[in-house]
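Undergrad:
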Amino acid sequence: MPQGDTPTPNMLQELEGTIDRLTFQSQETGYTVARLTPTGRAAPVTVVGHLTGANPGESVRLEGRWITHPQYGPQFEVQTYSVKLPANIEGLRKYLGSGLIKGVGPVTASRLVKAFGMQTMDVIEQEPGRLREVPGIGRHRADMIVSAWAEQRQVKDLMLFLQSHGVSTGLATRIYRQYGDQSAAVVRSEPYRLARDVFGVGFRTADQIARNLGLALDDPARVQAGLLYALGTLSEEGHCFALRPQLAEQAAELLQLEPGHCLAPLDTLLATGEAIAEDEAVYLPTFYHAEVGVARGVQRLQTAPLDRLGGFATVDWENAFVGVDRASSVTLTAQQKRAIRMALTEKASILTGGPGTGKSTIVGSAIRLARGQRGSVLLAAPTGRAAKRLTETTGMEARTIHRLLEFQPSAGFRFQRDRDNPLDADLVIIDEVSMVDVILMNHLLGAIPPGAHLLLVGDVDQLPSVGAGNVLRDLIDSGVVPTTRLDTIFRQSRDSHIVENAHRINRGEMPLIHRQSRDFFLFRESDPEKAADWVVDLVTSRIPRRFGHNPLDEIQVLAPMHRGQVGVTALNQRLQAALNPPRLGRPERTHGSRTFRLGDRVMQMRNDYERQVFNGDQGRITSVDLEEGLLVVAFEGRPVTYEYGQLDELAHAYAVSIHKAQGSEFPAVVVPVLTQHYVMLQRNLLYTAVTRARQLVVLVGDHRAIAIAVNNNRVISRNTRLADRLRATSAGGPARLPLVPLA
Numbered sequence: 019m020p021q022g023d024t025p026t027p028n029m030l031q032e033l034e035g036t037i038d039r040l041t042f043q044s045q046e047t048g049y050t051v052a053r054l055t056p057t058g059r060a061a062p063v064t065v066v067g068h069l070t071g072a073n074p075g076e077s078v079r080l081e082g083r084w085i086t087h088p089q090y091g092p093q094f095e096v097q098t099y100s101v102k103l104p105a106n107i108e109g110l111r112k113y114l115g116s117g118l119i120k121g122v123g124p125v126t127a128s129r130l131v132k133a134f135g136m137q138t139m140d141v142i143e144q145e146p147g148r149l150r151e152v153p154g155i156g157r158h159r160a161d162m163i164v165s166a167w168a169e170q171r172q173v174k175d176l177m178l179f180l181q182s183h184g185v186s187t188g189l190a191t192r193i194y195r196q197y198g199d200q201s202a203a204v205v206r207s208e209p210y211r212l213a214r215d216v217f218g219v220g221f222r223t224a225d226q227i228a229r230n231l232g233l234a235l236d237d238p239a240r241v242q243a244g245l246l247y248a249l250g251t252l253s254e255e256g257h258c259f260a261l262r263p264q265l266a267e268q269a270a271e272l273l274q275l276e277p278g279h280c281l282a283p284l285d286t287l288l289a290t291g292e293a294i295a296e297d298e299a300v301y302l303p304t305f306y307h308a309e310v311g312v313a314r315g316v317q318r319l320q321t322a323p324l325d326r327l328g329g330f331a332t333v334d335w336e337n338a339f340v341g342v343d344r345a346s347s348v349t350l351t352a353q354q355k356r357a358i359r360m361a362l363t364e365k366a367s368i369l370t371g372g373p374g375t376g377k378s379t380i381v382g383s384a385i386r387l388a389r390g391q392r393g394s395v396l397l398a399a400p401t402g403r404a405a406k407r408l409t410e411t412t413g414m415e416a417r418t419i420h421r422l423l424e425f426q427p428s429a430g431f432r433f434q435r436d437r438d439n440p441l442d443a444d445l446v447i448i449d450e451v452s453m454v455d456v457i458l459m460n461h462l463l464g465a466i467p468p469g470a471h472l473l474l475v476g477d478v479d480q481l482p483s484v485g486a487g488n489v490l491r492d493l494i495d496s497g498v499v500p501t502t503r504l505d506t507i508f509r510q511s512r513d514s515h516i517v518e519n520a521h522r523i524n525r526g527e528m529p530l531i532h533r534q535s536r537d538f539f540l541f542r543e544s545d546p547e548k549a550a551d552w553v554v555d556l557v558t559s560r561i562p563r564r565f566g567h568n569p570l571d572e573i574q575v576l577a578p579m580h581r582g583q584v585g586v587t588a589l590n591q592r593l594q595a596a597l598n599p600p601r602l603g604r605p606e607r608t609h610g611s612r613t614f615r616l617g618d619r620v621m622q623m624r625n626d627y628e629r630q631v632f633n634g635d636q637g638r639i640t641s642v643d644l645e646e647g648l649l650v651v652a653f654e655g656r657p658v659t660y661e662y663g664q665l666d667e668l669a670h671a672y673a674v675s676i677h678k679a680q681g682s683e684f685p686a687v688v689v690p691v692l693t694q695h696y697v698m699l700q701r702n703l704l705y706t707a708v709t710r711a712r713q714l715v716v717l718v719g720d721h722r723a724i725a726i727a728v729n730n731n732r733v734i735s736r737n738t739r740l741a742d743r744l745r746a747t748s749a750g751g752p753a754r755l756p757l758v759p760l761a
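Just so we're aligned: the sequence shown equals residues 19 to 761 in our numbering.
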């Protein structure tokens, strides 16, 4: 707009200038609110729109329209933009110090510009050795700056290509890291690969790119991608397969087509092996082969001719149990003795039961007897927290299943322990098996040596695994694996109202609220906003004052849902503001709608095998390096470094969903239970929440919501055929069930 012109609404105009600051920028969508000083003018203006990758100090040419916001007044709404390098010293300093280049923050940017002036970019590109002339820049940082700038130039070109599709800076960077110099070619020719290969790019983003590139709605490549996406979405909900009609309907709704348009592309996927059909069940190959592998693995384990604990076939059990009673100062019940005997005489067995039923006593006794016969024992659990707890209860080292199987991301994301290189153990005990999905169970069974015994321990009434399958329930329901279900609560546990009420909930009975209880309380409140106030007050004041629990480490809020006033998102915002507010000397970094601050309690939201942090792991932010653009989280004391573009892998963990708390225990839990959570009020959800607490449970809600949860025993079924396969292999049949012929 020429100097002196009055903004004209609705007319497409050009605007050039320098970005002064980013008031807001969504990492998810690239939507930006920025202040820009137009060329030749002193007064800045507000610009809004998808300025993907924009940075302070950049000179930009914008095309768009002037609009009037009812609250904020005149704004320039951007439709397209292009970037030029800064045209003056101050712009260059802002540009370099914006966090664009890893290793360069505001201080280093000022030093670089002071040393090299407007030639700074030329020095970085053409004379990188001169960077070490600047105080504070050694060889390591100089190399990092040069590498980051080279990558940024490539990413910048890619971002300009993607900007009209709303792809964020972080995603553009990931696309570049996945495909390198081939990024633009892949995006143009195979846009749906992004949804498979790049974390954070879903089908909808890839489809938007493909549609803008001219792909027809009914193009077979688009329909096939939609079918695979629908199968993947169902697997994220826990299903191993989809029935053909439902798959066609779900994909058609996603693709805005009639279901009939999906049938021929589905047959193509089946013919090429990208999907597998069994009767009406359609699988992604990964889950099909995992189901088949688990069934075969159990059969192989049970029918192995060798028995590495064969001495227990002739042991004098009465004398053995007398020795156990004497060593542990616990008198074993008949049911516990049967479970121990089963673990040591059956090559595969299951131990299930709720809190306080003696699972730990059985595990400890089985270990003691096996080692007494010079048997070697290995212990593992799905998560680091669960493994740590298993170590504490047994006095033996326990590892995560991934570490037990020696997972190596650098070796092609493979487990080093498998059928060709099995574990060296006579007895393998896995705890918290309800958390183990079908894929991990397949890998585990493949690594059990012939003749070894496998004891699977877990609570089948808790929520099933986050990953696909319902393995523990299927193993039990198949009737193939010998199972002990513990139902007796021991005296020392009967004194706990947590244990008592957990079992009441599991039986479909209302929890009892005792006025004199020391560990189970209900704060009655039906209004969501007031309930949220109670939660914050309990965590920050009442529980620490009365029970001495540290709110940052020992109290966990568990919410049934993410949305709403008493959902995970809103409670995290309120608890962060109360427990870790902004303060001078406490650096922070905003990423999308979240602000990560030094000292924050956070959770990893996806499996990152290279850094060995997994979905659900919790830690504390120990460093926010504004200079180098890095954030460090300590997980169980182990530091893990994140670049700012990777912060969508983290979420705050002052409050977490009950699903995310599986396998963890906390000294105290606070659980909001309101009718606002109606769709998620289920018995196994409330049961899982209550059993996460070691010392204290506080419910915040009303009797009606609790009653809805207790009376709703409709366990959401998962599409799995594992139980059928187990029965088929046990009867001498194949693990592969009858295939439907391709049309």
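Where is the CB? At the ideal position from N, CA and C, for every residue including glycine.
Bear in mind the structure is a predicted one, so any value in this text is a computation, not a measurement.
Classify residue 271 as buried or exposed, calling it buried when 16 or more other Cβ atoms lie within 10 Å of its own Cβ.
TA: exposed
Undergrad: Once DSSP output is grouped into helix, strand and coil, what is the label at residue 677?
TA: helix
Undergrad: Below 8 Å on the Cβ atoms is my guess for residue 554 versus residue 588; work out the distance and round it to an integer in Å.
TA: In fact, because the Cβ distance is near 10 Å, the residues do not count as touching under 8 Å.
Undergrad: For the beta strand (DSSP E) that contains residue 637, what are its first and last residues?
TA: 636-643
Undergrad: Ignore the nearest five residues each way along the sequence and tell me which others in residue 160's own chain have a CB closer than 8 Å to its CB.
TA: Excluding sequence neighbours, residue 160 sits near 146, 147, 149 and 150.
Undergrad: Mark residue 296 as exposed unless 16 or more other C-beta atoms lie within 10 angstroms of its C-beta, in which case mark it buried.
TA: buried
Undergrad: Return the first residue and the last residue of the beta strand (DSSP E) that residue 353 is part of.
TA: It is not in any beta strand (DSSP E) - residue 353 instead sits in the alpha helix (DSSP H) that spans 352-363.
Undergrad: Based on the DSSP output, what are the partners of residue 35 in its beta bridges?
TA: Residue pairing by DSSP places residue 35 opposite 56 and 78 in a beta bridge.
Undergrad: Cβ of residue 577 within 9 Å of Cβ of residue 705?
TA: no
Undergrad: Counting Cβ pairs closer than 8 Å, one from the stretch 689-697 and one from the stretch 614-626, do we hit at least three?
TA: no
Undergrad: In the structure shown, what three-state DSSP assignment does residue 726 receive?
TA: helix
Undergrad: Compare the C-alpha of residue 121 against each of 753, 649, 698 and 709 and name the closest.
TA: 649
Undergrad: Suppose only complete runs of 4+ residues qualify. What are the alpha helix (DSSP H) ranges in the stretch 317-401, listed by chain order?
TA: 335-346, 352-363 and 377-390
Undergrad: So residue 647 packs on residue 661, CB below 8 Å; how close in whole Å?
TA: That belief holds up - the Cβ atoms of residue 647 and residue 661 are roughly 6 Å apart, short of 8 Å.
Undergrad: Using the Cα positions of residue 60 and residue 126, report the straight-line distance between them to the nearest angstrom.
TA: 27 Å
Undergrad: Is it true that the stretch 436-455 meets the stretch 333-345, where meeting means three or more beta-carbon pairs spaced less than 8 Å apart?
TA: Counting Cβ pairs under 8 Å, fewer than three are found: no touch.
Undergrad: Since residue 294 is in the beta strand (DSSP E), which residue starts that stretch and which ends it?
TA: 294-296
Undergrad: Does the stretch 560-579 come close enough to the stretch 665-681 to have 3 or more Cβ pairs within less than 8 Å?
TA: yes
Undergrad: In this structure, how does DSSP classify residue 67 when only helix, strand and coil are distinguished?
TA: strand
Undergrad: Report the partner residues of residue 471 according to the DSSP bridge assignment.
TA: 445
Undergrad: What are the complete beta strand (DSSP E) segments, minimum 3 residues, inside the stretch 599-660?
TA: 606-609, 612-615, 619-622, 636-643 and 648-653
Undergrad: Let me confirm a value: residue 33 is counted as buried when at least 16 other C-beta atoms fall within 10 Å, else exposed. Which label applies?
TA: buried
Undergrad: Identify, in the order they occur along the chain, each residue of the same chain with its Cβ nearer than 8 Å to the Cβ of residue 75, setting aside the five sequence neighbours on each side.
TA: 36, 37, 104, 108, 109, 110, 111, 112, 113, 114, 115 and 116
Undergrad: Which of helix, strand or coil does DSSP assign to residue 752?
TA: DSSP places residue 752 in coil when its eight states are reduced to three.
Undergrad: Output yes or no for whether 9 Å exceeds the beta carbon distance between residue 482 and residue 736.
TA: yes
Undergrad: In chain order, what residues of the same chain have a beta carbon less than 7 Å from the beta carbon of residue 315, not counting five sequence neighbours either side?
TA: Close CB contacts of residue 315 within its chain, under the 7 Å cut and outside five residues either way in sequence, are with 460, 463 and 464 (chain order).
Undergrad: Going by the DSSP bridge assignment, what does residue 501 pair with across the sheet?
TA: 368
Undergrad: Excluding the 5 residues preceding and the 5 following residue 133 in the sequence, name in chain order all residues of the same chain whose CB lies nearer than 8 Å to its CB.
TA: 151 and 152
Undergrad: Indicate, with yes or no, if the ligand MN has a heavy atom lying under 8 Å from the CB of residue 649.
TA: In terms of ligand content, the structure shown is empty, and the ligand MN therefore cannot be addressed.
Undergrad: Report buried or exposed for residue 158, applying the criterion of at least 16 other Cβ atoms within 10 angstroms of its Cβ.
TA: Per the 10 Å Cβ criterion, exposed.
Undergrad: Could you have a look at residue 765 and say whether DSSP puts it in helix, strand or coil?
TA: Since the first residue shown for the chain is 19 and the last is 761, residue 765 is missing from the structure and cannot be characterised.
Undergrad: Between the alpha carbons of residue 642 and residue 423, how many angstroms are there, rounded?
TA: 33 Å
Undergrad: In chain order, what residues of the same chain lie with their CB nearer than 7 Å to the CB of residue 426, ignoring the 5 residues before and after it?
TA: 432 and 434
Undergrad: Less than 8 Å between the CB atoms is what I'm expecting for residue 528 and residue 536, so what's the real figure, rounded?
TA: Not confirmed; about 20 Å, so no contact.
Undergrad: State the Cα-Cα distance for the pair residue 72 and residue 140, rounded to the nearest angstrom.
TA: As the crow flies, the alpha-carbon of residue 72 is around 21 Å from that of residue 140.
Undergrad: Below 8 Å on the Cβ atoms is my guess for residue 718 versus residue 541; work out the distance and round it to an integer in Å.
TA: 5 Å
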